[in-house]
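Have a look at the structure below, then the notes.
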Amino acid sequence: MKGKVIIFSAPSGAGKTTIVKHLLSAFPELEFSVSACSRPMRKGETNGVDYYFISIEEFKQKIANKEFAEYEEVYKDNFYGTLKSEIERIWKKGKHIIFDMDVMGGLNLRMQFGDNALAIFVMPPSVDHLEQRLKSRETETAESIARRIGKAEQEIIKANLFDKIILNDTLEHALEEAEKIVFDFLHKK
Ligand code: ADP
Ligand code: 5GP
Numbered sequence: 010m011k012g013k014v015i016i017f018s019a020p021s022g023a024g025k026t027t028i029v030k031h032l033l034s035a036f037p038e039l040e041f042s043v044s045a046c047s048r049p050m051r052k053g054e055t056n057g058v059d060y061y062f063i064s065i066e067e068f069k070q071k072i073a074n075k076e077f078a079e080y081e082e083v084y085k086d087n088f089y090g091t092l093k094s095e096i097e098r099i100w101k102k103g104k105h106i107i108f109d110m111d112v113m114g115g116l117n118l119r120m121q122f123g124d125n126a127l128a129i130f131v132m133p134p135s136v137d138h139l140e141q142r143l144k145s146r147e148t149e150t151a152e153s154i155a156r157r158i159g160k161a162e163q164e165i166i167k168a169n170l171f172d173k174i175i176l177n178d179t180l181e182h183a184l185e186e187a188e189k190i191v192f193d194f195l196h197k198k
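Numbering-wise, this note's numbering puts 58 at position 49 of the sequence shown, and it's gapless, one number per residue.
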């Protein structure tokens with residue numbers, strides 16, 4: 010079967026991973042698309058669960074082999090991409106797919122899947138909030154935070170190209186809204 014596709018995009022630190030994890034526990038019919046990426050694994054991450062962690066060389070080989078539905082060099086030398094095999098794997102199980110990806114990748118996939126897809130942008134209350142959240146997550150160096158913040162403004166400008174925008178001010182409000190939007194999309198005729 011070809012299931013539905015739900016895409017969450019946002020600047021890094023806006024809260025999309027938090028929201029996606031909540032939705033996965035609320036909707037058993039959804040499965041997370043594990044992306045391939047070439048950045049180092051963070052403390053607490055597991056290969057094959059958070060990402061398929063591969064080298065830059067391996068990533069480039071997979072690009073050459075046309076194994077990706079989409080990919081982006083999100084930050085210099087940090088490639089991220091959705092493997093076509095991952096999409097097939099989840100659909101074969103009869104599940105709908107939920108994606109967490111950068112803004113360009115999200116818009117790209119949205120175009121490929123048409124009406125079968127819903128693209129959601131997670132909006133932080135401000136860029137200052139983003140910086141605060143990235144600091145409090147304690148996963149990034151000062152340089153990596155600066156790179157992520159540097160990209161955020163260009164990403165926020167593209168929010169209106171998405172089907173829905175969720176403002177992640179209080180987490181409780183954002184989770185409630187995300188649940189409602191996803192429920193409506195999964196149950197629409
Ligand atoms: P992303 O996946 O978009 O990079 P995360 O989900 O990792 O973002 O969230 C970044 C950090 O901000 C995490 O430490 C998370 O716990 C925290 N966070 C998420 N939503 C909120 C919120 N509404 N208020 C305060 N902190 C939040
Ligand atoms: P992080 O390093 O914080 O895990 O992710 C950095 C950025 O890469 C985030 O915006 C994340 O959503 C994005 N990303 C993760 N997987 C993919 C993917 O498969 N494709 C694209 N285009 N971006 C991705």
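Ideal placement from N, C-alpha and C gives every residue a C-beta, glycine not left out. What you are looking at is a predicted structure, and each value in this text was computed from that prediction instead of being measured.
Near the ligand 5GP: residue 113 beta-carbon under 8 Å from a heavy atom: What you label residue 113 is simply residue 104 of the sequence shown in a count that begins at 1. Correct: residue 113 has its Cβ closer than 8 Å to the ligand 5GP.
Nearest-angstrom Cα separation, counted from residue 128 out to residue 115: Sequence index remark: in the sequence shown, residue 115 carries index 106 (1-based). Sequence index remark: in the sequence shown, residue 128 carries index 119 (1-based). Cα to Cα, residue 115 sits roughly 7 Å from residue 128.
Residue 45 and residue 177 closer than 9 Å at C-beta: Mapped onto the sequence shown, residue 45 falls at position 36. Mapped onto the sequence shown, residue 177 falls at position 168. It is not a contact, given that the beta carbons lie outside the stated cut-off.
Residue 25 beta carbon near the ligand ADP (any heavy atom closer than 8 Å): As a working mapping, residue 25 is identified with position 16 in the sequence shown. When distances are taken from the beta-carbon of residue 25 to the heavy atoms of the ligand ADP, the shortest one is below 8 Å.
Sufficient close CB pairs (3 or more, under 8 Å) joining the stretch 34-44 to the stretch 101-113: yes
With 16 other Cβ atoms within 10 Å as the buried cut-off, status of residue 49: What you label residue 49 is simply residue 40 of the sequence shown in a count that begins at 1. By the 10 Å Cβ count, residue 49 comes out exposed.
Rounded Cβ spacing between residue 157 and residue 22 (contact assumed at less than 8 Å): The residue labelled residue 157 in the question sits at position 148 within the sequence shown. The residue labelled residue 22 in the question sits at position 13 within the sequence shown. Indeed they touch by this definition, with Cβ atoms about 6 Å apart.
Residue 64 Cβ short of 8 Å to the ligand ADP heavy atom set: For the purposes of this step, residue 64 is taken as residue 55 along the sequence shown, with counting starting at 1. False, no ligand heavy atom lies under 8 Å from that Cβ.
Nearest candidate by alpha-carbon position, reference residue 74, set 85, 82 and 94: Residue mapping note: residue 74 aligns to position 65 of the sequence shown, counting from 1. With distances taken between Cα atoms, residue 74 lies closest to 94.
Residue from 86, 142 and 119 with nearest C-alpha to residue 24: Within the sequence shown, numbered from 1, the residue matching residue 24 stands at position 15. Closest by alpha carbon: 142.
Coil, strand or helix - residue 90 by DSSP: For the purposes of this step, residue 90 is taken as the residue at position 81 of the sequence shown. Here residue 90 sits in strand by DSSP.
Nearest candidate by alpha-carbon position, reference residue 84, set 130, 77 and 111: Here the question's residue 84 lines up with position 75 in the sequence shown. It is 111 whose Cα lies nearest to the Cα of residue 84.
Residue 21 Cβ short of 8 Å to the ligand ADP heavy atom set: Locating residue 21 in the sequence shown gives position 12, where the first residue counts as 1. Residue 21 Cβ: within cutoff of the ligand ADP.
Alpha-carbon spacing of residue 86 relative to residue 65, whole angstroms: Position 77 of the sequence shown holds residue 86. Position 56 of the sequence shown holds residue 65. Whole-angstrom Cα-Cα distance: 7 Å.
Rounded straight-line distance, which links the Cα of residue 77 to that of residue 92: Sequence index remark: in the sequence shown, residue 92 carries index 83 (1-based). Sequence index remark: in the sequence shown, residue 77 carries index 68 (1-based). Rounded to the nearest angstrom, the two C-alpha atoms are 4 Å apart.
Residue 81 beta carbon near the ligand 5GP (any heavy atom closer than 8 Å): As a first step, residue 81 must be located in the sequence shown, where it is residue number 72. It does: the Cβ of residue 81 is within 8 Å (strictly closer) of some heavy atom of the ligand 5GP.
Own chain residues within Cβ distance below 7 Å of residue 160, not counting five before or after: Translated into positions along the sequence shown, residue 160 becomes position 151. For residue 160, same chain residues with a beta-carbon under 7 Å away, outside a window of 5 residues either side, are 20 in chain order.
Residue 183 Cβ short of 8 Å to the ligand ADP heavy atom set: As a position in the sequence shown, residue 183 is number 174, starting the count at 1. Yes, Cβ of residue 183 sits closer than 8 Å to a heavy atom of the ligand ADP.
For residue 189 and residue 183, the rounded distance between their alpha carbons: To locate residue 183, count along the sequence shown from 1; it is residue 174. To locate residue 189, count along the sequence shown from 1; it is residue 180. Roughly 10 Å between the two C-alpha positions.
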